[in-house]
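For what it's worth, my numbering labels the leading residue of the sequence shown as 12, then goes sequentially. We put the CB at the ideal spot given by N, CA and C, even for glycine. Model, not experiment: these values are computed from the prediction. Heads up, the thing below is written out as structure tokens.
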Amino acid sequence: MTYPVKNRRLAQWVQEVAALCQPAAVYWCDGSRLEYDRLMAQMAAAGNAIPLPRRPNSFLFRSDPSDVARVEARTFISTSSRDDAGPTNNWVAPDDLKRTMLDLYRGCMAGRTMFVIPFSMGPIGSPIAKIGVEISDSPYVVCNMHIMTRVGTRVLEALGADGQFVPCLHSVGAALAPGQADVSWPCAPMAQKYISHFPEEDLIWSYGSGYGGNALLGKKCFALRIASAMARREGWLAEHMLILRLTSPAGRRYHIAGAFPSACGKTNLAMIQPTLPGWRAECIGDDIAWMKIGPDGRLYAINAEAGFFGVAPGTSNRTNPMAAATVRANTIFTNCALTDDGDVWWEGIGSPAPAHAVDWRGRDWSPGRGEPAAHANARFTAPAAQCPVISPDWERPEGVPIDIFIFGGRRAGVVPLATEAFDWEHGVFLAATASSETTAANIGAVGNLRRDPFAMQPFCGYNMADYFGHWLAMGERLGPHAPRIFYVNWFRKSADGKWLWPGYGENSRVLKWMCERVDAAAEAQATPIGYLPAADALDLGGFAIPAENLTELLRVDRQAWLAELPDIERHLARFGARLPVRMSEQVRRLRERLETDR
Ligand code: GTP
Ligand code: SPV
Ligand code: MN
Numbered sequence: 012m013t014y015p016v017k018n019r020r021l022a023q024w025v026q027e028v029a030a031l032c033q034p035a036a037v038y039w040c041d042g043s044r045l046e047y048d049r050l051m052a053q054m055a056a057a058g059n060a061i062p063l064p065r066r067p068n069s070f071l072f073r074s075d076p077s078d079v080a081r082v083e084a085r086t087f088i089s090t091s092s093r094d095d096a097g098p099t100n101n102w103v104a105p106d107d108l109k110r111t112m113l114d115l116y117r118g119c120m121a122g123r124t125m126f127v128i129p130f131s132m133g134p135i136g137s138p139i140a141k142i143g144v145e146i147s148d149s150p151y152v153v154c155n156m157h158i159m160t161r162v163g164t165r166v167l168e169a170l171g172a173d174g175q176f177v178p179c180l181h182s183v184g185a186a187l188a189p190g191q192a193d194v195s196w197p198c199a200p201m202a203q204k205y206i207s208h209f210p211e212e213d214l215i216w217s218y219g220s221g222y223g224g225n226a227l228l229g230k231k232c233f234a235l236r237i238a239s240a241m242a243r244r245e246g247w248l249a250e251h252m253l254i255l256r257l258t259s260p261a262g263r264r265y266h267i268a269g270a271f272p273s274a275c276g277k278t279n280l281a282m283i284q285p286t287l288p289g290w291r292a293e294c295i296g297d298d299i300a301w302m303k304i305g306p307d308g309r310l311y312a313i314n315a316e317a318g319f320f321g322v323a324p325g326t327s328n329r330t331n332p333m334a335a336a337t338v339r340a341n342t343i344f345t346n347c348a349l350t351d352d353g354d355v356w357w358e359g360i361g362s363p364a365p366a367h368a369v370d371w372r373g374r375d376w377s378p379g380r381g382e383p384a385a386h387a388n389a390r391f392t393a394p395a396a397q398c399p400v401i402s403p404d405w406e407r408p409e410g411v412p413i414d415i416f417i418f419g420g421r422r423a424g425v426v427p428l429a430t431e432a433f434d435w436e437h438g439v440f441l442a443a444t445a446s447s448e449t450t451a452a453n454i455g456a457v458g459n460l461r462r463d464p465f466a467m468q469p470f471c472g473y474n475m476a477d478y479f480g481h482w483l484a485m486g487e488r489l490g491p492h493a494p495r496i497f498y499v500n501w502f503r504k505s506a507d508g509k510w511l512w513p514g515y516g517e518n519s520r521v522l523k524w525m526c527e528r529v530d531a532a533a534e535a536q537a538t539p540i541g542y543l544p545a546a547d548a549l550d551l552g553g554f555a556i557p558a559e560n561l562t563e564l565l566r567v568d569r570q571a572w573l574a575e576l577p578d579i580e581r582h583l584a585r586f587g588a589r590l591p592v593r594m595s596e597q598v599r600r601l602r603e604r605l606e607t608d609r
């Protein structure tokens, strides 16, 4: 077999994988519109892609009910030493894991086409971008990759004869015997799913799932887990962050990068419509930022992706009008409900529940059923370029200079609306001890409080203690150019379970305070946990929030924080001697501040 590729390593790898997986055919993706349309038409003809007449060129897919989100319990960082993966990652020795997975991969593509998908994370040719090649037996993955990354011949050209790429092998794990009919969403049982990373050789092997981050390997597997390990070796940052540009009424620009755990508000903040008069926001990215120090010493960020793989439930014209506009055409919907007039519907879409719909499992549904019509982790896949507020600079090869980092999580209690770190080291501590209630973005219990450092707990490709150390080292290199660090919580609730803060566009009030802090133009008060907005420092013009809500949102409850300390200490103690001393020093000082009056 000859391949249309100059890159010898790629040609050889494709040949090896074909020999191992035994597909019925090998197909090289060119990334063209024609290719996308052809694959979509085939999936529609098979009944797996449901055309949505009200949204041009858009389709609905329903996954297998067992395959609806990432599976952290089946995700592995496979390094020769267990310690290099660290206590936050599942670990199996590379030889053992490869032996197990080779057995699974043998013949696993029988009866299917093996697609070779060359892709670039970041604009092709950007000094921050990198190339990967995904091999997958899922045409659904190919179409999603078309939207989420830059796919095709241009990438092979950029790769050249001896360029570097990250090999990403994916199979849904459902070989077809001769004559066997396919199912609409092939996948393997949970115990056979493996989302494996070999950071010592920049290699990804995924088996058994067709959903999201398990299967679109450019995203979490490459752009976060493998890239975070590369970034540490090479002195840059690969982060689970949105990127936005905020312009003040005076025309001053601020670039903000924010890390919140999965399903905790990145896409929404990335496309924020500020409610404050005169403030404008542009979206640059909603999930993954790659950042390098530029020639002027500042930190420059690119969006590693080309599309949005966004949470559908809760997305409406009121909450995220820019996302709602983005998904009007050319969008893939997964696990949303289908209305009788041929449109998608989900909880929180902003229109009343239809009297009848087909739910995400393909069953008749009506509002009285007591079950949601869309899966809580139903998603849309849409081109970033379609976002009405996408920044004209979103594909700038050199990226945008970051002024502000925001970390945060989903906490019904304790954590105030906004906190500013005392300094970089304290900011790293705030991020390292970030906590959040778990969401439907992972298969597992929802609503459990856990530590999710830097929103990277499921995505750090090496020992998280070394990751904290890398952030401390980056701060030293950045010196006076280091972005300011803030911590937010949009998700505080009252005793009777209502949001204390309206969120969404109103979050611009908090962003404005941050920008003013950068310019030394807003007041803050020192508290044991950091600087908080002074009582009148938040712009509340034209805003009707009950005074008691605001008091609660900006209160530091010393007793509640003291009660949190053991969990924070336990969390850091997991890292043992590998934890940077500066982090244990930070927790000691936090305890001291909380225990003494100030
Ligand atoms: P991933 O794609 O999983 O990484 O998620 P994400 O961080 O991009 O989260 P997203 O913006 O999609 O928000 C997830 C859910 O939180 C949606 O249902 C949103 O409607 C909701 N949400 C986002 N921002 C806010 C906010 O400011 N307040 C409240 N109450 N809910 C919010
Ligand atoms: C997340 O879980 O953080 C996501 C969705 O962005 S997935 O691509 O499935 O990881
Ligand atoms: Mn995410």
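In terms of DSSP beta bridges, what is residue i paired with?
i      : result
Glu293 : Arg256
Arg81  : Asn453
Phe319 : Ala393
Pro544 : Ala535
Ser207 : Phe87, Trp216
Ala270 : Phe418
Tyr478 : Beta-bridge pairing links Tyr478 to no other residue.
Ala506 : None, per the DSSP bridge assignment.
Trp376 : Ala368
Asn1   : Residue 1 is absent from the model: the chain starts at 12 and stops at 609.
Leu460 : Glu448
Ser147 : Phe126, His181
Ala429 : Val499
Lys141 : Met132
Measuring CB to CB, does residue i end up less than 9 Å from residue j?
i      : j      : result
Gly296 : Ala445 : no
Pro332 : Pro288 : no
Pro616 : Asn453 : With the chain represented from 12 up to 609, any question about residue 616 goes unanswered, as that position is not in the structure.
Asn346 : Arg73  : yes
Arg165 : Ile313 : no
Cys294 : Ser195 : no
Val598 : Glu580 : yes
Met525 : Ile267 : yes
Leu63  : Gly373 : no
Asn341 : Ala393 : yes
Pro197 : Ala185 : yes
Arg309 : Ile413 : yes
Ile29  : Met125 : Looking at the sequence provided, one finds Ala at residue 29 rather than Ile. Yes; because the gap between Cβ atoms is below 9 Å, this pair is in contact.
Val144 : Trp301 : no
Leu601 : Ile417 : no
Pro178 : Asp148 : no
Met475 : Pro138 : no
Over the uninterrupted beta strand (DSSP E) stretch that includes residue i, give me the two end residues.
i      : result
Ser131 : 124 to 132
Val177 : 177 to 182
Ile88  : 86 to 88
Val499 : 495 to 499
Met282 : Segment: none, Met282 is in no beta strand (DSSP E) and carries neither H nor E.
Gly223 : Segment 223 to 226 is the alpha helix (DSSP H) holding Gly223; no beta strand (DSSP E) there.
Val103 : Unbroken run through Val103: none, as it is neither H nor E.
Ser327 : Note, Ser327: premise wrong, no beta strand (DSSP E); not H, not E.
Thr160 : Neither: Thr160 is in no beta strand (DSSP E) and is coded neither H nor E.
Met302 : 300 to 304
What first and last residue would you give for the alpha helix (DSSP H) that runs through residue i?
i      : result
Phe440 : 435 to 443
Arg243 : 238 to 245
Met201 : No alpha helix (DSSP H) holds Met201; DSSP gives it neither H nor E.
Thr562 : 558 to 564
Ile579 : 569 to 584
Met120 : Where Met120 is concerned, there is no enclosing alpha helix (DSSP H), given that its DSSP letter is neither H nor E.
Leu522 : 519 to 529
If you measure from the CB of residue i, is any heavy atom of the ligand FAD nearer than 8 Å?
i      : result
Thr330 : Absence of the ligand FAD is noted for the structure shown, with the ligand GTP, the ligand SPV and the ligand MN being the only ligands found.
Task: Secondary structure, beta strand (DSSP E): runs of 3+ residues fully inside the stretch 13 to 76 - done: 36 to 39, 70 to 72
- [ ] Mind listing which residues have their beta carbon within less than 6 Å of any non-hydrogen atom of the ligand MN? Chain order is fine.
- [x] His251, Ser273, Asp298
Task: Whole beta strand (DSSP E) elements within the stretch 339 to 368, 3-residue minimum - done: 343 to 345, 348 to 350
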